[in-house]
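K.L.:
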Amino acid sequence: MNEQTSSQSPRYLSDDDVKKRIQTASLAEVTAAELVSLFMQETAVQQHLPDGRCQQDPRDGAIILYNEVRNRRPHDNKPDAPETAVAKPCPICAGNTTKIVDAAPLSQGFTFINKNMYPVVYPVTERDDGFVGLHFLQWTSSHHDADWHNMPQADRATVLARLAALEQTLLLADAPPLPTAEAWPGGWRSGGRPV
């Protein structure tokens, strides 16, 4: 996996590249209000703000939030090329990503959470449609081919622990415009409805 020719991009985001992109090493170091601020400061996200449209999902007819700019992502919506000896470059492995708000070491590489460069929701909107929020991505591993089916159990536990940390930070957010949640018998309560 680490062997590569000059015509191939790496199939992993190097540890040094991960470390260069870290804004906060752990969600324990940041409040929800600070996450909102970091999200709004991300230049790459500013170029792809949501357009506020809802669309009908052609698969099942559900109304979904949609951002037209997502159709222009560099790795989507292109027909598969014929099989070649050279793997397609991965934008994430090449470092074309936003700053990282949480990272944890794995047996190889890192798992990390960063801001979605093509968000469906954003913390501030000029529209009064109520669709505000933060759109994050969690990368299971900085190694391209590492995933749930081939990772050690301890690594999978680390990935889930980091996802739980993000959920906890956001559930307990006291950072307008994010909705707050409160403890409720049998689960969390958000916006007046049991979840």
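Residue numbers (my numbering): -16 to 178. Built from N, CA and C at the ideal position, the CB exists for glycine as well. Note that this is a predicted model, so its numbers are computed, not measured.
Which first and last residues belong to the beta strand (DSSP E) in which T14 is found?
P.N.:
For the purposes of this step, residue 14 is taken as residue 31 along the sequence shown, with counting starting at 1. That residue, T14, is in no beta strand (DSSP E); it is neither H nor E in DSSP.
K.L.:
Let me know the secondary structure DSSP gives L117 once reduced to three states.
P.N.:
Residue mapping note: residue 117 aligns to position 134 of the sequence shown, counting from 1. Note: L117 maps to coil in three-state DSSP.
K.L.:
Is the separation between the beta-carbon of L18 and that of Q151 shorter than 9 Å?
P.N.:
For the purposes of this step, residue 18 is taken as the residue at position 35 of the sequence shown. For the purposes of this step, residue 151 is taken as the residue at position 168 of the sequence shown. Going by C-beta atoms, L18 is not nearer than 9 Å to Q151.
K.L.:
Is K82 closer than 9 Å to R4 when the C-beta atoms are compared?
P.N.:
Here residue 4 corresponds to residue number 21 of the sequence shown, with the count starting at 1. Here residue 82 corresponds to residue number 99 of the sequence shown, with the count starting at 1. Taking 9 Å as the Cβ cut-off, R4 and K82 qualify as a contacting pair.
K.L.:
Report all residues from its chain with a CB closer than 8 Å to the CB of Q24; omit the five preceding and five following residues, and keep chain order.
P.N.:
Stepping through the sequence shown from its first residue, residue 24 is reached at position 41. Cβ neighbours of Q24 beyond the five flanking positions: none.
K.L.:
Suppose the cutoff is 6 Å on Cβ atoms and the five residues either side in sequence are ignored; what does the same chain contact list for A158 look like?
P.N.:
Translated into positions along the sequence shown, residue 158 becomes position 175. Hits under 6 Å: A15, A16 and V19.
K.L.:
Could you name the residues that DSSP lists as bridge partners for P88?
P.N.:
In the sequence shown, the residue the question calls residue 88 occupies position 105. Bridge partners of P88: F93.
K.L.:
How about T80 and A87: are their beta carbons less than 9 Å apart?
P.N.:
Locating residue 80 in the sequence shown gives position 97, where the first residue counts as 1. Locating residue 87 in the sequence shown gives position 104, where the first residue counts as 1. No; because the gap between Cβ atoms is not below 9 Å, this pair is not in contact.
K.L.:
Shortest alpha-carbon distance to A77 belongs to which of V104, L21, D(-2) and K98?
P.N.:
Within the sequence shown, residue 77 is the residue found at index 94, counting from 1. The option with the nearest alpha carbon to A77 is D(-2).
K.L.:
For the 8 Å Cβ check, are there 3 or more pairs between the region 45 to 58 and the region 29 to 37?
P.N.:
Yes, they touch.
K.L.:
On a Cα-Cα basis, can you pick out the residue from M134, L117, V107 and P106 that is closest to K98?
P.N.:
On the sequence shown, position 115 is the one that residue 98 refers to. Selected option, being the one with the closest Cα: L117.
K.L.:
Per the DSSP calculation, C37 is bridged to which residue(s)?
P.N.:
Translated into positions along the sequence shown, residue 37 becomes position 54. For C37, which the question treats as bridged, DSSP gives the partners L48.
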